[in-house]
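One structure is given below, encoded as structure tokens.
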Amino acid sequence: MNTNVHDDYQLPVLQGTAKEFYTYCKAHDLRFQRCAQCKTFRHPPRPLCNKCYSFETEWAPVKGTGKVYCWTVAMAPIGKAWVSYMPYAAVVVELDEGPRVATWVTGIPPDQLKVGMPVKVWYDELTPEVTLAKFKPL
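At position 44 of the sequence shown (counting the first as 1) the number is 43 in numbering that gives the first Met the number 0, and the numbers step up by one without a gap.
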């Protein structure tokens with residue numbers, strides 16, 4: 000398995016399109032891959048548009064606002080680095096522009112999350128190389 004580990008916390012592997020996404024996050028610039036032909040967002044990033052089958056892509060900026068789409072609450076840690084986060088919610092946020100992203104919504108207990116809750120992005124600088132886009136309630 001090709002992962003980076005920082006204090007037992009598994010970090011994203013900074014290669015390929017993931018590297019592009021996290022390079023923008025490091026600059027506090029939330030962008031998603033989008034088809035350059037039909038303007039359909041592709042997330043997670045991939046070479047082929049599932050709408051028009053074009054291979055042309057661009058990285059389009061988004062406002063960083065959206066709504067909670069769904070979530071699940073983790074009750075048991077997957078490693079010792081996660082113990083202090085328990086319980087935590089793994090949340091899918093639907094951005095105003097349309098793409099959905101798996102993330103964290105912070106600053107609110109999991110039992111207070113609501114479908115449709117408005118949220119906005121913030122950036123968690125985990126290491127000098129890795130910054131994660133997370134969300135908080137508006």
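All residues carry an ideal CB built from backbone N, CA and C; glycine is no exception. Computed from a predicted model, the values in this text were never measured in an experiment.
Along the stretch 4–36, the beta strand (DSSP E) occurs as fully enclosed runs of 3 or more residues at 8–10 and 30–34, listed in sequence order. In this structure the stretch 58–68 lies against the stretch 110–121, because at least three pairs of beta carbons, one per stretch, are closer than 8 Å.
Less than 9 Å divides the Cβ of Leu94 from the Cβ of Lys62. In the three-state DSSP reduction, Pro136 falls in the strand class (E or B). With a cutoff of 9 Å on beta-carbon distance, Leu125 and Leu10 are scored as near each other. Shortest Cα-Cα distance from Phe40 to any of Thr16, Glu57 and Lys18 involves Glu57. The shortest CA-to-CA distance from Ala59 to any of Pro108, Pro98, Ala132 and Phe134 is the one to Pro98. Just so you know, the alpha carbons of Glu55 and Val82 end up roughly 42 Å apart. Residue state for Lys79 is assigned as helix, using DSSP reduced to three classes. Excluding the 5 residues flanking it on each side, Lys135 has same chain C-beta neighbours closer than 6 Å at Thr105, Gly106 and Trp121, in chain order. When DSSP reads this structure, Arg99 sits in a beta bridge with Glu93. In the three-state reduction of the DSSP assignment, Tyr84 falls in the helix class, which pools H, G and I.
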